[in-house]
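J.:
Protein chains: 2
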Amino acid sequence: MSSTGGSGEPPVLLFRKVDAAFSAELRERFRVLDFFASGEPLQAFLAAAAAAPEPPRAAVVVGGGAVRVDASFLYAVPSLLCVLSTGAGVDHIDLAECARRGVAVANSGEVYSTDVADYAVGLLIDVLRQVSAAGRYVRRGAWPVQGDYPLGSKLGGKRVGIIGLGNIGSRIAKRLEAFGCVIHYNSRKPKDSVSYKFFPNVHGLAAESDVLIVACALTKATQHIVNKNVLEALGKYGVVINIGRGANIDEAELVVALKEGKIAGAGLDVFEQEPKTQAELFSMDNVVLSPHVAVFTEESRSDLRAHTIGNLEAFFSGQPLVSPVHADFLVQ
Amino acid sequence: MSSTGGSGEPPVLLFRKVDAAFSAELRERFRVLDFFASGEPLQAFLAAAAAAPEPPRAAVVVGGGAVRVDASFLYAVPSLLCVLSTGAGVDHIDLAECARRGVAVANSGEVYSTDVADYAVGLLIDVLRQVSAAGRYVRRGAWPVQGDYPLGSKLGGKRVGIIGLGNIGSRIAKRLEAFGCVIHYNSRKPKDSVSYKFFPNVHGLAAESDVLIVACALTKATQHIVNKNVLEALGKYGVVINIGRGANIDEAELVVALKEGKIAGAGLDVFEQEPKTQAELFSMDNVVLSPHVAVFTEESRSDLRAHTIGNLEAFFSGQPLVSPVHADFLVQ
C-alpha cells in the first residue's frame, strides 16, 4: 500500500489523481493512502486499508464514477465515516447506504458553480451563433472562397428552460438574464426566491422553451429526464445544452433527433457512456462537443484543493462538513 | 442599368446584396438601382445614375468597405443627399466630405448591438475556456485517448478593458458584469452614466486589464489603437477580443505576440486585410477565428431590413434619420 505523511496524521483514502500542489497540501496534513498510485485492485486496496492498525475514517473520491462508493465499498472499510466527492455530482456514491451506516458525505459545494454556469452560456452562444463551426470554416480555408457563413440565431429573447435551479442553474439564469433571455425552470418545487416561471414537469418546460439546459444532479428521478417526448416538445427550432450528467438525456434519442432535424442543435459537455462520445455527432456543425471540461479552470482547481482540505479538517475536528450532501439529494 | 419598381417611386442606389425579403420590401417602395446586379464598373454605374431623368438622392451601402463612399463617389452623383450604411461602422464613408456636401449619413444604429455584444462574450468564453479547441480535440478522437483537455481560465474576476463604450461596448459590459468581471474602459471621455474605471489611453487600460475588447469604430484615431506597446502592456496572461474592425489592431504585431507567447490568446471576428485572414493563426488553439459573423443572425437581418427602410422613408418624407451619423463620429 502506498502511503506517505507523518505517522501522527490521520489516514485518508484518496481515489483521485491530484496535481503536485494538491498532493503536497494533503500530505502535510494527512497520511494519504493513494488508490491510483497503489496499482492494487480496489477490493485488495480497501481490505488492506481496513486491516491497518489505524483504519481510515475518511475518503476523497473523484466525481464522475471512476470509483463507485457502493455498499460493497462501504462494507469493505467499516471504519469510514466521511466520503468527500471532488465533483458536484454524487451519483457515484450510494447516499442511502451512507446514511444507513452514518457515513457523512460532502461534494464540491459551490467550488465549480460559476465555471460551469459560464461554460453553459459559452456552449449556448456557440450553438446559436455557430462560433466553433464558423471557426472550423475559417481554419479549413473556406472563407471567403465558399461565401459568408450562414446566419446564426439571436440569443436575446430566447425562452431558456433550465432543469435544476440549484447552485449552477441559478447562476446560468442570472447570466442569461443579462442577455435578455426569458428564464423558465423545472425543479422539485417552485423557488420563492425567483420570479421565473416554474414548470412542474420537463415536458411542459420544453414545450414553452426555445432552449433546454440540463443543470440538475443525476438521480433515479432525473435519469433520461430529457427523453424522446421532451425533445419532440422542444421542437425543431430547439436547442439542448447539457452540463449535468450524460445520462440525464436519453442520448440515443438525442442523436436520432439531431440526425432527423427534430431539434436544431445541442451543446454537450457530458455523455451517457463517458468518455465514449457519439461519433455520429462529429460531422454535425449544429452540435458543440466538449470533453467534460465545464469545471476545468486553474482557479477552480485551486479552490477545490482548499475546499477539500477544509472539509477534511472539519471532519477530523468534529465540526460540520462545509458542503454536506444528504440522502434526499435530488433534482434541485 | 438594372432598375425595378414603379416609375413613381424615388430611385435608390443599392450597393449591397440583399435577400429576397429585403429586396421585395425595398422594391415595393423605391425604384432600386442595384450596383451588384448591374455588372457595371462603379464609375459607369454612378455616371448612368447621375444622368438619369430623376437622379438618385439616396444610397444604401454595405458596411465593411466593399464599396467606398469617398469624394470621387460623391462627386459622380451630386444629387445624393443621403447615404445609409447597413453596418455599424462607417469607415468606408468619407464623413467630412459628406458633411461638406450636405449629405446625411446613417448607420445600422442599434440593430446589431446586442448580437455583436453576445458574440464578443461568446468569443471571450471560448478563448478562456477553450470551447472550440476542446471541441476539435473531441472531433479528432483525441478524448480520452490523449488524456483530459488542459485547464482553462476562469471568466469571473477578470478585469476586462473595453475600448469604446458605445452601443456595443456598453452591452458587453452589462453582460460581463453578470459573470463577475471587473469592467474598465477607454473612450474619448469618461461616461457619467457608468461607474466603471475610465482610462484616458489604451496603454494604461491594457496595463490594468486581463482582457482587452475592441468595440470602437475604426477612425484615423483608432487605427492600430492596439499596437505592439499595448500588447506588451496587456502581457502574457492577457487576451484580446476584436469585434470592431481588423485595422483597430496592428495585426502583424498581434501575430508576433501570439507566436512568441507575449499574450495568452485572442478571439478575432475581423481582420485587417479582410477577408484575408492570417494562416499562421490556423494552427493556434489559443486563438478563436471567426468569419466576421458577429452581426449575423436571422433576427438582426430582419431588424436591419425594417431599420433601413425606416431611414429611407424618414429621408424621403423630410424627417430626421433614425440613426444619423455625424462628421465627428469617433471612438465612443
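Chains A and B supply the protein sequences, listed in that same order. Residues in the first sequence are numbered consecutively from 1, following full-length UniProt numbering. Residues in the second sequence are numbered consecutively from 1, following full-length UniProt numbering. Note that beta-carbon positions come from the ideal geometry of N, C-alpha and C, so glycine has one too.
Rounded to the nearest angstrom, what separates Thr277(B) and Leu46(B) at their Cα positions?
T.: Mapped onto the second sequence, residue 277(B) falls at position 277. Mapped onto the second sequence, residue 46(B) falls at position 46. Thr277(B) and Leu46(B): Cα-Cα distance of roughly 31 Å.
J.: Taking the Cβ atom as the reference point for each residue, do Ala247(B) and Ala96(B) lie within a distance shorter than 9 Å?
T.: Position 247 of the second sequence, counted from the start, is the residue given in the question as residue 247(B). Position 96 of the second sequence, counted from the start, is the residue given in the question as residue 96(B). Not in contact: Ala247(B) and Ala96(B) (Cβ atoms no closer than 9 Å).
J.: Quick test of the definition: if touching needs 3 or more C-beta pairs under 8 Å, does the stretch 81 to 97 of chain B touch the stretch 81 to 98 of chain A?
T.: With a cut-off of 8 Å, the stretch 81 to 98 of chain A and the stretch 81 to 97 of chain B do not count as touching, because too few Cβ pairs lie within range.
J.: Would you say Ala279(A) reaches chain B, if we count a Cβ-Cβ gap shorter than 9 Å as a contact?
T.: In the first sequence, the residue the question calls residue 279(A) occupies position 279. Closer than 9 Å: yes.
J.: Per DSSP, Lys197(A) forms a beta bridge with which residues?
T.: For this step, residue 197(A) is matched to residue 197 along the first sequence. DSSP, once it has assigned bridges, lists His184(A) as partnering Lys197(A).
J.: According to the Cβ coordinates, are Ala66(B) and Leu13(B) closer than 9 Å?
T.: Taking the first residue of the second sequence as position 1, residue 66(B) is located at position 66. Taking the first residue of the second sequence as position 1, residue 13(B) is located at position 13. No, these two residues do not count as a Cβ contact at 9 Å.
J.: In angstroms with no decimal places, state the Cα-to-Cα distance between Ala37(B) and Gly318(B).
T.: Working through the second sequence from its first residue, we reach residue 37(B) at position 37. Working through the second sequence from its first residue, we reach residue 318(B) at position 318. Rounded to whole angstroms, Ala37(B) to Gly318(B) spans 29 Å at the Cα level.
J.: Flag Gln332(B) as yes if its beta-carbon sits less than 9 Å from any beta-carbon of chain A, otherwise no.
T.: In the second sequence, counting from the first residue as 1, residue 332(B) sits at position 332. Its pLDDT being 37, under 50, Gln332(B) is placed unreliably in this model, and the value from its coordinates should be taken loosely. Judged by the 9 Å Cβ criterion, Gln332(B) is not in contact with chain A.
J.: Whole angstroms are fine: how far does the CA of Val270(B) sit from the CA of Val226(B)?
T.: Translated into the one-based positions of the second sequence, residue 226(B) becomes position 226. Translated into the one-based positions of the second sequence, residue 270(B) becomes position 270. Roughly 14 Å separates the two Cα atoms.
J.: For the stretch 153 to 181 of chain B, which residues have a CB atom closer than 8 Å to at least one CB atom of chain A, in sequence order?
T.: So the close ones are Ser153, Lys154, Leu155, Gly156, Gly157, Lys174, Arg175, Glu177, Ala178, Phe179 and Gly180.
J.: In angstroms with no decimal places, state the Cα-to-Cα distance between Leu231(A) and Ala257(A).
T.: On the first sequence, residue 231(A) is found 231 positions in, with the first residue counted as 1. On the first sequence, residue 257(A) is found 257 positions in, with the first residue counted as 1. So the alpha carbons of these two residues sit roughly 7 Å apart.
J.: Using a Cβ-Cβ cutoff of 8 Å, what residues of the stretch 178 to 209 of chain A are near chain B? List them in chain order.
T.: Within the stretch 178 to 209 of chain A, the residues whose Cβ lies closer than 8 Å to some Cβ of chain B are Ala178, Phe179 and Gly180, listed in chain order.
J.: Could you check what DSSP says for Arg139(B) in three-state terms: helix, strand or coil?
T.: The residue you call residue 139(B) lines up with position 139 of the second sequence. Correct three-state label for Arg139(B): helix.
J.: Please confirm whether Gly238(B) has its beta-carbon closer than 9 Å to some beta-carbon of chain A.
T.: Position 238 of the second sequence, counting from 1, holds the residue named residue 238(B). Not one chain A Cβ lies under 9 Å of Gly238(B).
J.: Note down, in chain order, each residue of its chain lying with its Cβ closer than 6 Å to the Cβ of Asp285(A), except the 5 sequence neighbours on either side.
T.: As a first step, residue 285(A) must be located in the first sequence, where it is residue number 285. Excluding positions up to five away in sequence, the list reads Ala133.
J.: Grab me the residues of Gly157(B)'s own chain with a C-beta within less than 8 Å of its C-beta, minus the 5 sequence neighbours each way, in chain order.
T.: Locating residue 157(B) in the second sequence gives position 157, counting from the first residue. Cβ within range, chain order: Gly180, Cys181 and Val182.
J.: Hey, does Val67(B) have any beta-carbon neighbour from chain A nearer than 9 Å?
T.: By one-based count along the second sequence, residue 67(B) stands at place 67. Taking Cβ atoms only, chain A never reaches closer than 9 Å to Val67(B), which makes this a no.
J.: Check for me: the alpha helix (DSSP H) holding Arg305(B) runs from which residue to which?
T.: One-based indexing of the second sequence puts residue 305(B) at position 305. Arg305(B) -> alpha helix (DSSP H) spans Glu298 to Phe316.
J.: Measure from the C-beta of Ser132(B) to each C-beta in chain A and report whether the shortest distance is under 9 Å.
T.: Walking along the second sequence from the start, residue 132(B) turns up at place 132. Interface residue, yes.
J.: Should Asp34(B) be labelled buried (16 or more other beta-carbon atoms within 10 Å of its own) or exposed?
T.: The residue given as residue 34(B) occupies position 34 in the second sequence. Looking at its Cβ environment, which holds 16 or more other Cβ atoms inside 10 Å, Asp34(B) is buried.
J.: Among the candidates Phe15(B), Glu274(B) and Val295(B), whose CA atom is the shortest distance from the CA of Val145(A)?
T.: In the first sequence, residue 145(A) corresponds to position 145, counting from 1. Of the candidates Phe15(B), Glu274(B) and Val295(B), the one whose C-alpha sits nearest the C-alpha of Val145(A) is Glu274(B).
J.: Quick check on Ser209(A): does DSSP put it in helix, strand or coil?
T.: In the first sequence, the residue the question calls residue 209(A) occupies position 209. Note: Ser209(A) maps to coil in three-state DSSP.
J.: By Cβ distance, which residues of its chain are closer than 6 Å to Tyr112(B), with the 5 residues on each side in sequence left out?
T.: One-based indexing of the second sequence puts residue 112(B) at position 112. Correct list, in chain order: Ala88, Val295 and Ser300.
J.: Between Gly122(B) and chain A, is the shortest Cβ-Cβ distance under 9 Å, so that the two count as touching?
T.: Taking the first residue of the second sequence as 1, we reach residue 122(B) at position 122. Yes, Gly122(B) lies at the interface with chain A (some Cβ there is under 9 Å from its Cβ).
J.: At a CB-CB cut-off below 9 Å, which residues of chain B make contact with Glu28(A)?
T.: Mapped onto the first sequence, residue 28(A) falls at position 28. In chain order: nothing, as chain B lies at least about 23 Å away.
J.: Ignoring anything shorter than 3 residues or poking outside the stretch 41 to 101 of chain B, list the beta strand (DSSP E) runs there in chain order.
T.: Listed in chain order, they are 58 to 61 and 82 to 85.
J.: Does His326(A) come within less than 9 Å of chain B when only Cβ atoms are used?
T.: Here residue 326(A) refers to the residue found at position 326 of the first sequence. For His326(A), the answer is no, since every Cβ of chain B falls outside 9 Å of its Cβ.
J.: Is Ile213(B) close to chain A, meaning its C-beta is less than 9 Å from at least one C-beta of that chain?
T.: Here the question's residue 213(B) lines up with position 213 in the second sequence. With 9 Å as the cut-off, Ile213(B) does not count as an interface residue toward chain A.
J.: Give a yes or no on whether the C-beta atoms belonging to Val60(A) and Leu312(A) are separated by under 9 Å.
T.: Within the first sequence, residue 60(A) is the residue found at index 60, counting from 1. Within the first sequence, residue 312(A) is the residue found at index 312, counting from 1. Going by C-beta atoms, Val60(A) is nearer than 9 Å to Leu312(A).
J.: Give the single residue among Leu268(A), Ile263(A), Glu298(A) and His307(A) whose Cα lies nearest to the Cα of His292(A).
T.: Here residue 292(A) corresponds to residue number 292 of the first sequence, with the count starting at 1. Of the candidates Leu268(A), Ile263(A), Glu298(A) and His307(A), the one whose C-alpha sits nearest the C-alpha of His292(A) is Leu268(A).
J.: Just mark Gln130(B) as buried or exposed, buried being the case when its beta carbon has 16 or more other beta carbons within 10 Å.
T.: As a first step, residue 130(B) is located in the second sequence; it is residue number 130 there, counting from the start. Result: buried.
J.: Determine the direct distance from the alpha carbon of Ala206(A) to that of Val194(A), and round the result to whole angstroms.
T.: As a working note, residue 194(A) is residue 194 in the first sequence. As a working note, residue 206(A) is residue 206 in the first sequence. C-alpha separation (whole angstroms): 19 Å.
J.: First and last residue of the beta strand (DSSP E) that includes Val270(A)?
T.: Translated into the one-based positions of the first sequence, residue 270(A) becomes position 270. Per DSSP, Val270(A) belongs to no beta strand (DSSP E) and is neither H nor E.
J.: Between Gly135(A) and chain B, is the shortest Cβ-Cβ distance under 9 Å, so that the two count as touching?
T.: To locate residue 135(A), count along the first sequence from 1; it is residue 135. Gly135(A) counts as touching chain B.
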